[in-house]
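Chemist:
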DNA sequence: GGCCAGGCACAGC
DNA sequence: GCTGTGCATGGC
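In my numbering, the protein residues as written are 1 to 226.
#1: Using 8 angstroms as the threshold, is the region 45-56 in touch with the region 140-158, meaning 3 or more CB pairs across them?
#2: Exposed or buried, residue 232, counting other C-beta atoms within 10 Å across all chains shown (16 or more means buried)?
#3: Consult DSSP for residue 84 and reduce its assignment to one of helix, strand or coil.
#4: State yes or no: is the C-beta of residue 138 within less than 8 angstroms of the C-beta of residue 113?
#5: Taking contact to mean at least 3 C-beta pairs separated by less than 8 angstroms, is the region 108-123 in contact with the region 3-20?
#6: Spatial neighbours of residue 32 within its chain, please: CB distance less than 6 angstroms, with the 5 preceding and 5 following residues excluded, ordered by chain position.
#7: Measure the C-alpha to C-alpha separation of residue 103 and residue 80 and round it to an integer number of angstroms.
#8: Can you tell me which of 122, 100, 194 and 83 puts its alpha carbon nearest to the alpha carbon of residue 151?
#9: Three-state secondary structure (DSSP) at residue 23?
#10: In whole angstroms, what separates the C-alpha of residue 85 from that of residue 77?
#11: Is the region 30-44 close to the region 11-21, with three or more CB pairs under 8 angstroms?
#12: Looking at the secondary structure, which residues open and close the alpha helix (DSSP H) in which residue 130 lies?
#13: Return helix, strand or coil for residue 147, following the three-state DSSP convention.
#14: At 4 residues or longer, what runs of the alpha helix (DSSP H) sit wholly inside the region 35-96?
#15: On the CB-based measure, 16 or more other CB atoms within 10 Å of its CB, does residue 59 come out buried or exposed?
#16: Pick from 98, 92 and 171: whose alpha carbon is nearest that of residue 132?
#17: What does a CB cutoff of less than 7 angstroms around residue 89 pick up in its chain, not counting 5 residues either side in sequence?
#18: Count the other C-beta atoms from every protein chain shown that fall within 10 angstroms of the C-beta of residue 10, then say buried if there are 16 or more, exposed otherwise.
#19: Can you give the Cα-Cα distance for residue 181 and residue 143, rounded to whole angstroms?
#20: With DSSP run on the structure shown, which of helix, strand or coil describes residue 119?
#21: Helix, strand or coil for residue 180, going by three-state DSSP, please let me know.
#22: Let me confirm a value: residue 109 is counted as buried when at least 16 other C-beta atoms fall within 10 Å, else exposed. Which label applies?
#23: Just verifying my parser: in three-state terms, what is the DSSP assignment at residue 113?
#24: Exposed or buried, which one is residue 187 when buried takes at least 16 other CB atoms within 10 Å?
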């Protein structure tokens with residue numbers, strides 16, 4: 001197992017870039033939509049989230065102030081397909097109400113807020129854990145954090161790197177310093193790592209077998225050049 | 001029908 | 001501190 005040294009991280013970045021290039025990533029049209037998607041995707045596949053997003057979009061509820069203006073019951077019905085809808089409607093409604101009241105939108109919030117301010121603001125909220133927080137900070141507010149999710153963990157582990165999930169912050173710190181706290185590179189490396197996970201774990205049995213038996217080759221011809 | 005999905009909070013040790 | 005559990009729908 002390789003430690004996550006700077007050269008290893010740069011190697012991952014360069015190698016994946018050859019296949020995927022600039023992905024930009026996070027399928028959303030506004031910062032508000034990023035945050036909404038981040039809550040909805042908690043322990044849920046993106047396909048189910050997409051259906052909820054479509055309903056919200058259709059009803060013109062895909063922004064914080066619109067969500068804060070409807071009832072929690074109505075919101076719960078609209079996001080049903082994402083599962084955990086009672087829990088998520090509560091989390092989403094309180095987040096959106098606060099953002100709408102304090103800033104109007106996440107787009108407006110983006111101007112001039114510091115990383116520490118934003119981190120404190122969101123982590124005080126119910127239902128915003130580490131991953132959701134970091135997704136919002138990076139993809140909605142353009143602040144430099146590394147997003148560690150189940151896909152990222154799985155791919156890095158399968159690539160043979162030492163990932164200690166009990167010490168996530170040290171992993172995150174390794175990526176942050178290796179990538180010079182560059183927001184665009186942080187966005188893209190997470191996107192590329194997730195793309196690898198999706199490309200190689202599209203069918204669950206295959207992925208499960210791959211993880212359990214450690215016999216799946218992320219570095220086959222399709223992924224890597226050298 | 002069984003298992004799992006891009007978490008999180010909270011109770012009980 | 002760590003582990004187990006509830007939350008719930010939809011796809012395979």
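Built from N, CA and C at the ideal position, the CB exists for glycine as well.
Modeler: Result, derived from the coordinates:
#1: no
#2: Only positions 1 to 226 of the chain appear in the structure, and residue 232 is not among them; the question remains open.
#3: DSSP places residue 84 in coil when its eight states are reduced to three.
#4: no
#5: Because the criterion of three Cβ pairs below 8 angstroms is not met, the region 108-123 and the region 3-20 do not touch.
#6: For residue 32, where only same-chain residues beyond five positions count, the Cβ hits under 6 angstroms are 63, 64, 105 and 106.
#7: Each residue's Cα considered, the two are about 28 angstroms apart.
#8: 194
#9: coil
#10: Cα atoms of residue 85 and residue 77: separation of roughly 8 angstroms, rounded to the nearest angstrom.
#11: Three or more beta-carbon pairs separated by less than 8 angstroms are not found between the region 30-44 and the region 11-21, which leaves the two stretches without contact.
#12: 130-135
#13: It is coil, neither helix nor strand.
#14: Counting only runs of 4 or more, we get 46-58, 64-69 and 72-78.
#15: exposed
#16: 92
#17: Beyond the five residues adjoining it in sequence on each side, residue 89 comes within less than 7 angstroms, by CB distance, of 72, 75, 76 and 79 in the same chain, given in chain order.
#18: Counting C-beta atoms within 10 angstroms of its own C-beta, residue 10 has fewer than 16 neighbours from the protein chains shown and is therefore classed as exposed.
#19: Just so you know, the alpha carbons of residue 181 and residue 143 end up roughly 9 angstroms apart.
#20: The three-state secondary structure of residue 119, taken from DSSP, is helix.
#21: coil
#22: buried
#23: coil
#24: buried
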